[in-house]
Each structure stands twice: as structure tokens, then as C-alpha cells.
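Residue numbers (my numbering), protein chains in the order written: chain A, 1 to 115; chain B, 1001 to 1110.
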């Protein structure tokens, strides 16, 4: 079955610790995205990547880092510099094309709680 | 500024009634997507609208796109409780990423 997996589903960390959220897709999509969602809010783009070994900052990249070493994988690290990291994190992927954005498919999400 | 605005943000309606959710966007685009999110869950794709005048229907939901007015509508016909969810529209405004609306939280009451 093709799809996007995110792990873990729930993650608990102490303040001051870095944490890495996993996102894997087997849809053969070139583009991958990370969003943050706070309770009752919409989605805010953290980082996105349209091709391996390249990525761009979204609207709220401060305190986060990513890598894109493989087409299938786009891990997100939440660093200790992120002031309010507790949130629901969603990964998405899509076909990539120049000057066009195609339908994005979402993973199940990781709910991160930092205390 | 690239902006996508949905209204209403909160909608409480009775079963059996009709209603429309509106999605306005700030600059030219011919691609618009509607998603549904159930509480605590991820986003599920509902409709892909790829041209001016596009209309898609699935069950009690119908989505349309007017690119000249920069407006999409999501019409709900004879609402049922199972439609209770948050609905997001998303628009390709920059050619490299989607911009999402704030979401419309729909509650259908018996």
C-alpha cells in the first residue's frame, strides 16, 4: 500500500531536549512538507523540499531543522531553540513540478508534548 | 500578501439543512484543494479543482471554483452528523507551496 507514515504517533520530551520526528513516503513523490498545527488553528508551513538534498524554509522555520538525504524520507528535528514546541506535526508529500503545486497527501501526524 | 480566507470559521447547523462555506484568496490561481480533518486526525483530501468553473460533487458535498472572483465554495446539502469536521481550503498562490485557509469547524446537530 502506498502512503505516508509518521512515527511515533505520540512523543513526550523534556524541555531543552532535541527531538526528531520521522516521515517516510512510498508514493515516489519528489516534494515533501512539514506543517505544525496548534489546537483549533490552521496549518503553518515549517519546511518543504522539492528535491533530494534541497529544502526551503516555510513561515515558521525558527527552532526547527530538516534533512532530505533520500527521496522517501524527510525527518524534522525540533530543537531546544523552539520556544513552544508542543503541537501536532503533519508531514505531507506531492508530485513536484516547476511553478505548480499539486495535491498534497498527508501522514497521520505526530503529537509532540514538551514539558 | 498571499492570503486565503475562509468563512465562516465556525458553523453550527441542524441535520437536514443546507449551507455554504466560502474560500477567498488574494492572487491569481487555478488550483484549489479542499480537505477534511476529523478531531485529532490528519487531513483527508476531498476535492481537487483545477480550472475556472470546475465543479466536483461527492455525496452531500459539492465544491466549485471561480478563478475570476478568486472564490471557491463548498456547499453542504441536507447535512448529517457524519459531516461534522473541520474543512480547509488550500490554494497554490506561489507556484512552490500551498497556502491554507484557517479552517471552518462544522458541527451538525441532530
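Note that beta-carbon positions come from the ideal geometry of N, C-alpha and C, so glycine has one too.
Where residue i sits in the DSSP three-state scheme
{"i": "residue 1082/B", "result": "helix"}
{"i": "residue 74/A", "result": "coil"}
{"i": "residue 1038/B", "result": "coil"}
{"i": "residue 1001/B", "result": "coil"}
{"i": "residue 1092/B", "result": "strand"}
{"i": "residue 1109/B", "result": "strand"}
{"i": "residue 1030/B", "result": "coil"}
{"i": "residue 62/A", "result": "coil"}
{"i": "residue 1104/B", "result": "strand"}
{"i": "residue 14/A", "result": "coil"}
{"i": "residue 1007/B", "result": "strand"}
{"i": "residue 105/A", "result": "strand"}
Residue i beta carbon near the ligand MG (any heavy atom closer than 7 Å)
{"i": "residue 80/A", "result": "What this structure holds is no ligand at all, so the ligand MG is not there to describe."}
Pairwise C-alpha distance: residue j and residue i
{"i": "residue 82/A", "j": "residue 1064/B", "result": "39 Å"}
{"i": "residue 110/A", "j": "residue 90/A", "result": "7 Å"}
{"i": "residue 1091/B", "j": "residue 47/A", "result": "17 Å"}
{"i": "residue 108/A", "j": "residue 1079/B", "result": "26 Å"}
{"i": "residue 7/A", "j": "residue 40/A", "result": "23 Å"}
{"i": "residue 1009/B", "j": "residue 1103/B", "result": "6 Å"}
{"i": "residue 1095/B", "j": "residue 100/A", "result": "4 Å"}
{"i": "residue 97/A", "j": "residue 1110/B", "result": "45 Å"}
{"i": "residue 1058/B", "j": "residue 1018/B", "result": "15 Å"}
{"i": "residue 21/A", "j": "residue 31/A", "result": "17 Å"}
{"i": "residue 93/A", "j": "residue 67/A", "result": "15 Å"}
{"i": "residue 1047/B", "j": "residue 1101/B", "result": "15 Å"}
{"i": "residue 1082/B", "j": "residue 1108/B", "result": "8 Å"}
{"i": "residue 33/A", "j": "residue 1024/B", "result": "23 Å"}
{"i": "residue 1026/B", "j": "residue 1001/B", "result": "7 Å"}
{"i": "residue 1093/B", "j": "residue 1099/B", "result": "7 Å"}
{"i": "residue 1060/B", "j": "residue 77/A", "result": "41 Å"}
{"i": "residue 73/A", "j": "residue 23/A", "result": "6 Å"}
Proximal residues to residue i (C-beta, below 6 Å), its chain only, five neighbours per side dropped
{"i": "residue 114/A", "result": "13, 15, 85 and 86"}
{"i": "residue 1075/B", "result": "1020 and 1062"}
{"i": "residue 1044/B", "result": "1036"}
Residues near residue i in its chain [Cβ-Cβ closer than 8 Å; skip 5 each side]
{"i": "residue 79/A", "result": "18, 63, 64 and 65"}
Sequence-distant residues of its chain with Cβ nearer than 7 Å to residue i (five each side left out)
{"i": "residue 44/A", "result": "35, 36, 59 and 60"}
{"i": "residue 1085/B", "result": "1036, 1037, 1038 and 1106"}
{"i": "residue 1050/B", "result": "1030 and 1031"}
Original post:
Can you list the beta strand (DSSP E) stretches of 3 or more residues lying completely in the segment 17-59 of chain A, in chain order?
Top reply: Listed in chain order, the complete beta strand (DSSP E) runs (minimum 3 residues) inside the segment 17-59 of chain A are 19-25, 31-37, 43-51 and 54-57.
Original post:
Counting Cβ pairs closer than 8 Å, one from the segment 1065-1078 of chain B and one from the segment 1019-1030 of chain B, do we hit at least three?
Top reply: The segment 1065-1078 of chain B, when compared against the segment 1019-1030 of chain B, does touch it at the 8 Å Cβ threshold.
Original post:
When the Cβ atoms of the segment 95-104 of chain A are set against those of the segment 1009-1019 of chain B, are three or more pairs found closer than 8 Å?
Top reply: no
**OP:** Would you mind listing the beta strand (DSSP E) stretches within the segment 1042-1084 of chain B that are 3+ residues and don't spill past its ends, in chain order?
**Re:** 1043-1049, 1055-1058, 1061-1066 and 1071-1076
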